[in-house]
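Chains as they are written, first to last, in the working numbering: chain R, 29 to 348; chain D, 1428 to 1936; chain Y, 8 to 334; chain G, 662 to 990.
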Ligand SMILES: Nc1ncnc2c1ncn2[C@@H]1O[C@H](COP(=O)(O)OP(=O)(O)OP(=O)(O)O)[C@@H](O)[C@H]1O
Ligand SMILES: Nc1ncnc2c1ncn2[C@@H]1O[C@H](COP(=O)(O)OP(=O)(O)OP(=O)(O)O)[C@@H](O)[C@H]1O
Ligand SMILES: [Mg+2]
Ligand SMILES: [Mg+2]
């Protein structure tokens, strides 16, 4: 927090102010408008549905990440948690889809618990603690799966990946539910206050008697759990568990979504809905790039431009 | 005096923050060789005025003139380069650098290759601090030292440059009488060197001791400017508070009751043999219900260290803490709070407020478990609690949803007090509770302490304002170098005896 | 993140210069004991040194960035871009082969720095964008990877890249020289002190009148240029510029810096720690490679776990020595 | 020349289609002379380049291991996980560990110079498989090379797609990982062949699927959403093709609606032919073990090794898929 920021942060609500809050919304609007004008077959229900289905894993991971970031931490191991959960599914699918999913989710939570303990009890910097699991977790997944992709033909799992409820894909319902739950928790629950207090001023939170360590562990467990859920979803949709590639580099997408959505990495503040929008924005950019058939190099450069533009507009709010 | 050209002049400045008109057409002029006091209640706009002058904030209207020309500094750097040296409110230094590093940051002595001459830097730093009676190792990390030393470093830093204008925003809020004397001595030197000094303080004594002129701000407006000599102390307070002189006279400004209670109730808090090498040496204390225990001592004498140990916020090598007859096994603040202790820390910025959270959330933070139904915070109960304390402590906010970082320093302090009070503790530890708090609020807080003690609460009070300890405490424990060197009871509690015990421990009764 | 005075419940991310080198010493000893000559042999140590030199260059710049309270994710991509541009520029001789990538990298550093220091966008996001952009540009220059530019064998640059002196390759010496320069810059100049201050407490640094924005721009330029140098060396070594290299290098560099005891939140740390961190990472990698029987997957499990264990041990050691120092 | 294949396993092994360049590389000639050793008594190192995540790499590594075991040769292996620096370090590490001969599967045609240099210094011969070190000299920087001709694979894929579509419709290309010469060659061969044949197939999109199933699926989903007119897909490996199949299924297409031609020859893809989703698969045979060790044996025995050995790859079609399924990997 800088002095200049002190002056910039609070202005009387005006158009500019609204725009600052919603840089990500503006960016989404612009990119939608562009696609409506220039991308053939964009304005179809099927296409909308596709984008939502594709964004589901990232969105779920990003919500967990947002909570971690709110405590002033970061979780680089989410991709590996996805891989571990994917690797476990084929091993336990023999006991039925639900037990297998339960095992996968548990494993994600366990990885989160390791992260959380390293951060909360051993006092390790989050980026290093989770970097360790980023490497080791992926290795573990590959060991479990013997490095191979395994196809899965379980109907329950397939349903999870592709079926709909009342016309809305289950994966979409899932990430909407996760987002809503997280938003409610942050806004109304005591846990949400604790998370923000710890991220805002950890010594102060400790002195106020908050259960700092327990809260930190819980948050990392949640992040691991959500990542595992995303791993299950990805696997279900693909019809195959692919521990070497599932969730690769998703930590960067998730963190981008969080930051683009208006949450500063310094902790103490969080925007759950903004995070969801950030994920959606990144998805729309990817979709545009592919549907416009841009070459790989151009695509990356355009992505870079849009990210900066979206964050620049709302920079008064999201600097670290 | 006003006929002489002003070094610095502020004309009709205005500044608006969300929901608050922090400054509304304030003018002020500073002349060479003049020490100008700036006073007012918490949130009156003093710090904002300073920040407008040095370019931290941009004014909404009005102008700043410096040495005859209109200026608009883009930041503290420019102001400093132009010869305006400022000590901002709250210690604004870099805690992980050394003391010497902080003193010289940005103007380190260099050798002929343009490289920093560390040896010279350390030597000069030692010399400079020595002049202020500070004998710390200049290579130690600033953050490891007490707040008082840090404040002195900030002062020394600001005065180490050749400035035409020196602005000090509550420089003495965490200083001991000894350091205050030193500082006022330096101010005198500045005056003789024809430097213009703007001096913000809540300690009216200092206004009358050191300043020629005084400007009073109230709710962002200029309430009074005039020569100190022609100003009556009560009238000054009345102007600040916006109340009638008579009302103020009738109620007085210090609100501690005069008589000292004798410990009647049972000991609610008993700490024994607290030891933490090398800072705490076998400190024992007990607090009875309805008693105010004062801790006195010089900077770094270990008062903060003691109460932190009691509260479980600092590790100890040995010692026990018993609250309400139960010896605490876990050594962390959460357990301490559960056992009935509460503590308001001395460093509100680093250890107190959660800047990004609202006033509301900051107040109820520690009380959350009691406001929670099935994991969700009960909106109704929270609102009631917050309203009660905002009113009781007269916290000046635009709404309970306002972020704490937007509050003035004094109001932040009240928020912290409210946070601990709403826990209904058995023992309340207050480490510098009135630091940076205006006279009105100070009186309120003192009355509150009295009131709470009257209701059977045990209070541990630390204050660098010796008068406050003397008047407020029923019993005073004097610390030196991390050990108890004396206890004073009843009538023996006077500023003089306390000072004597500090100076010559052996004379303690 | 100021933690004035509070001595408990602050995360134990204190800096200690003794931790990382101590652990490094232990690991090297263990390696020598278990693997003997194949680890401690001159050739293997030379390889470790060479392998470390690129990382040391990048991590030196990264240390400045992290100390200033920032982070630079773009270094991996810049490494590739620099390599591609080196090879591209080599057609006009050594001078252009070196000047072109360094100039472009410096430009990237300036953009990073301005967006972070002046426009005040979060460093993570800015450098993430440059990560994408630089990689895209590298691919664009290499015609989507369809063209691989080769550095002619006779070029001075190639000879430089492969020269040896006292048994160590030129990159090693260059990296050491840069590192020494970094030590001076960080510890003995006002810029270095300002870097610490900005990362420690930016608000205070501003109020103390430091040129905060300028410092922040400069650290990113430094990081980008040093990465550029590493890219030139890699290209000179491999005689070609590949747009695909360097992925994940940023995390490796950050890990090295943090293992070296520098706080990710800025303000405290040391370059010597970074050197220890770099060597530690590379020695571990090398040791794991020595265990020929580990499959690649187990290698990952082991190296991830090792990373965590090393940092844990280091934390313990530094906590203890900090305690001892104080009493 | 082709030797008759004895059994199912035999027909799966690599067959030499042609050799080219100088022949007869022996220890005396290799880079100014290296020690002549007994292959049975030395340690051989194998450097794998990419994760053993897809069937191609799994089979490649397994084939090397099996052959070493069969010949009773001590083998150490590494995997660079697609990281060039790691591959260099891997190779250097194996030399340090005492490997006296190396088989490497280069991650890229360029960039391994430090590793090759280390091998030269240690007088360790390096046999390369799969990807060719284009700018290096055989029998000097490396011993020789065994592999497929990726450009030809692309050409054969084009032929197969022309046949499957009746030479009309819109094609989407799922490119391999960017900046890898396999991608470049397979794309070049495919496009050149379309031009050469004067094909009427129209390429409407080319997007990278990074050789993975997940990206193959996601990209295909986006492409068919934007271009419902796509009737053919050329996938540069089987994994992406299988991802594309998943995408088509998800979009409610029927087998055969979109013709897919792919390269590799994995079981999954050949099964895809049987299921009607895939129109044709061009094989890229990863079973390098026998030929690679044969090359080392020829080297040390003085028989000599050829500069380039190009293997013959099969093609799987509807007609032979059922019979050849056992040979797919
Ligand atoms: N950055 C800001 N954003 C919003 N409001 C602010 C900000 N800074 C100050 N204010 C408001 O402006 C008013 C004046 O604050 P200021 O800090 O100048 O008071 P002060 O006179 O220095 O008080 P104190 O004696 O407590 O330090 C207060 O109501 C405060 O809440
Ligand atoms: N004048 C000084 N000389 C040397 N060291 C000092 C001085 N003042 C404070 N310190 C150091 O700062 C630390 C602060 O101690 P502590 O906070 O417990 O004391 P305190 O009595 O509360 O003083 P403060 O008013 O500074 O908070 C001490 O351990 C001491 O080492
Ligand atoms: Mg103030
Ligand atoms: Mg104190």
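Cβ coordinates follow ideal geometry from the N, Cα and C atoms, glycine included.
None of these values were measured; they are calculated from a predicted model.
TODO: Can you grab the Cα-Cα spacing for the pair residue 36 of chain Y / residue 53 of chain Y, in whole Å?
DONE: Rounded to the nearest whole angstrom, the C-alpha separation of residue 36 of chain Y and residue 53 of chain Y is 17 angstroms.
Task: Cβ neighbours of residue 317 of chain Y in the same chain (closer than 7 angstroms, five flanking residues each side left out) - done: The residues are 30, 266, 287.
Task: Residues in the region 51-74 of chain R having any Cβ partner in chain G nearer than 8 angstroms - done: Answer set for the region 51-74 of chain R: 67, 68, 69, 70, 72, 74.
Open item on the list: Along the region 1510-1523 of chain D, where does the CB come closer than 8 angstroms to a CB of chain Y? Name the residues.
Closed with: Cβ contacts with chain Y: 1513, 1515, 1518, 1519, 1520, 1521, 1522, 1523.
TODO: Just tell me which of D:1833, D:1536, D:1837 has its CA closest to the CA of residue 1773 of chain D.
DONE: The candidate whose alpha carbon is nearest that of residue 1773 of chain D is D:1837.
- [ ] Give me the Cα-Cα distance between residue 55 of chain Y and residue 338 of chain R, rounded to the nearest whole angstrom.
- [x] Roughly 43 angstroms between the two C-alpha positions.
Task: Classification of residue 1806 of chain D by the beta-carbon crowding that lies within 10 angstroms, buried from 16 upward - done: It is exposed - the Cβ of residue 1806 of chain D has fewer than 16 other Cβ atoms within 10 Å.
TODO: Measure the C-alpha to C-alpha separation of residue 1429 of chain D and residue 1458 of chain D and round it to an integer number of angstroms.
DONE: For residue 1429 of chain D, the predicted structure reports a pLDDT of 45, less than 50, and the residue's modelled location is therefore unreliable. A value from the coordinates is still provided. Cα to Cα, the separation comes out at about 8 angstroms.
- [ ] Note down the Cα distance separating residue 986 of chain G from residue 980 of chain G, rounded to an integer number of angstroms.
- [x] The alpha-carbon atoms of residue 986 of chain G and residue 980 of chain G are separated by roughly 11 angstroms.
Task: Exposure label - residue 1664 of chain D; buried when at least 16 CB within 10 Å - done: Buried: at least 16 other Cβ atoms inside 10 Å.
Open item on the list: Which same chain residues end up closer than 8 angstroms to residue 1734 of chain D when comparing Cβ atoms and leaving out the 5 residues on each side of it in sequence?
Closed with: So the list reads 1722, 1770, 1856, 1858, 1887, 1889, once near-sequence residues are dropped.
Open item on the list: Counting C-beta neighbours from all protein chains within 10 Å, is the total for residue 988 of chain G 16 or more, i.e. buried, or is it exposed?
Closed with: Label assigned to residue 988 of chain G: buried.
- [ ] Under 6 angstroms Cβ to Cβ from residue 349 of chain R, same chain only, skipping five residues before and after it: list those, please.
- [x] Chain R is shown from 29 up to 348; residue 349 of chain R falls before or after that span and cannot be answered.
Task: Same chain only: Cβ atoms within 7 angstroms of residue 327 of chain R, ignoring 5 sequence neighbours per side - done: Closer than 7 angstroms at Cβ, skipping near neighbours: 317.
- [ ] Determine the burial state of residue 963 of chain G: buried for a count of at least 16 other Cβ atoms within 10 Å of its Cβ, exposed for fewer.
- [x] Result: exposed.
Open item on the list: With H, G and I counted as helix, E and B as strand and the rest as coil, what does DSSP make of residue 216 of chain R?
Closed with: In this structure, residue 216 of chain R counts as helix in the three-state DSSP scheme.
- [ ] Identify the contact partners of residue 318 of chain R in chain G, using a Cβ-Cβ distance below 7 angstroms as the criterion.
- [x] By Cβ distance, chain G contributes 868, 880, 883, 884.
TODO: Write down the C-beta distance between residue 815 of chain G and residue 846 of chain G rounded to the nearest angstrom, noting that I regard them as a contact closer than 8 angstroms.
DONE: 6 angstroms between Cβ atoms; contact.
TODO: Using only the heavy atoms of ligand 1, determine whether one of them is closer than 6 angstroms to the beta carbon of residue 234 of chain R.
DONE: Residue 234 of chain R: no, Cβ never under 6 angstroms from ligand 1.
Task: Given residue 761 of chain G as reference, the closest of G:961, G:969, G:929, G:976 once Cα atoms are compared - done: It is G:961.
Open item on the list: Going by DSSP in three states, residue 1755 of chain D sits in which element: helix, strand or coil?
Closed with: If DSSP states are grouped into helix, strand and coil, residue 1755 of chain D belongs with coil.
Open item on the list: Under DSSP, the beta strand (DSSP E) around residue 1916 of chain D begins and ends at which residues?
Closed with: First-last of the beta strand (DSSP E) with residue 1916 of chain D: 1910-1916.
- [ ] Classify residue 1514 of chain D as helix, strand or coil using the three-state DSSP reduction.
- [x] In the structure shown, residue 1514 of chain D falls within a strand segment according to DSSP collapsed to helix, strand and coil.
Open item on the list: So with CB distances below 7 angstroms, who are the chain Y contacts of residue 840 of chain G?
Closed with: Within 7 angstroms Cβ-Cβ: 146, 149, 152, 249, 250, 251.
Task: Any chain Y beta carbon closer than 7 angstroms to residue 152 of chain R - done: Flagged as an interface residue toward chain Y: residue 152 of chain R, by a C-beta distance shorter than 7 angstroms.
Task: residue 687 of chain G versus residue 801 of chain G - alpha carbon distance - done: In a straight line, the C-alpha of residue 687 of chain G is about 11 angstroms away from that of residue 801 of chain G.
Task: Residues sharing a beta bridge with residue 740 of chain G, DSSP - done: Looking at the DSSP assignment, residue 740 of chain G forms a beta bridge with G:709.
- [ ] Report all residues from its chain with a CB closer than 6 angstroms to the CB of residue 248 of chain R; omit the five preceding and five following residues, and keep chain order.
- [x] Counting only residues of its own chain and dropping the five nearest sequence neighbours on each side, residue 248 of chain R has a CB closer than 6 angstroms to the CB of 140, 143, 144.
Open item on the list: Under 8 angstroms, with one C-beta from each stretch per pair, do the region 77-87 of chain Y and the region 139-148 of chain Y reach the 3-pair mark?
Closed with: Between the region 77-87 of chain Y and the region 139-148 of chain Y there are three or more inter-stretch CB-CB distances shorter than 8 angstroms, so the stretches are counted as touching.
Task: Residues near residue 128 of chain R by beta carbon distance below 6 angstroms, same chain, minus five either side - done: For residue 128 of chain R, the CB contacts under 6 angstroms within the same chain, skipping 5 residues up- and downstream, are 117, 120, 121 in chain order.
TODO: Name, going along the chain, the residues of the region 205-221 of chain Y whose beta-carbon falls closer than 9 angstroms to a beta-carbon of chain D.
DONE: The region 205-221 of chain Y vs chain D, Cβ under 9 angstroms: 205, 206, 207, 208, 210, 211, 212, 213, 214, 215, 216, 217, 218, 219.
- [ ] Using only alpha-carbon positions, find the residue among R:158, R:95, R:313 that is nearest to residue 138 of chain R.
- [x] Selected option, being the one with the closest Cα: R:158.
Open item on the list: Just to confirm the assignment, what range does the beta strand (DSSP E) spanning residue 1447 of chain D have?
Closed with: Where residue 1447 of chain D is concerned, the enclosing beta strand (DSSP E) stretches over 1447-1457.
TODO: Please compile the residues from chain D whose C-beta is within a distance smaller than 7 angstroms of the C-beta of residue 301 of chain R.
DONE: Within 7 angstroms Cβ-Cβ: nothing; residue 301 of chain R doesn't reach chain D, min ~18 angstroms.
TODO: State yes or no: is the C-beta of residue 1449 of chain D nearer than 6 angstroms to some heavy atom of ligand 1?
DONE: Flag set: Cβ of residue 1449 of chain D near ligand 1.
Open item on the list: Given this structure, state the Cα-to-Cα distance separating residue 813 of chain G from residue 850 of chain G, to the nearest angstrom.
Closed with: Taking the straight line joining both Cα atoms gives about 6 angstroms.
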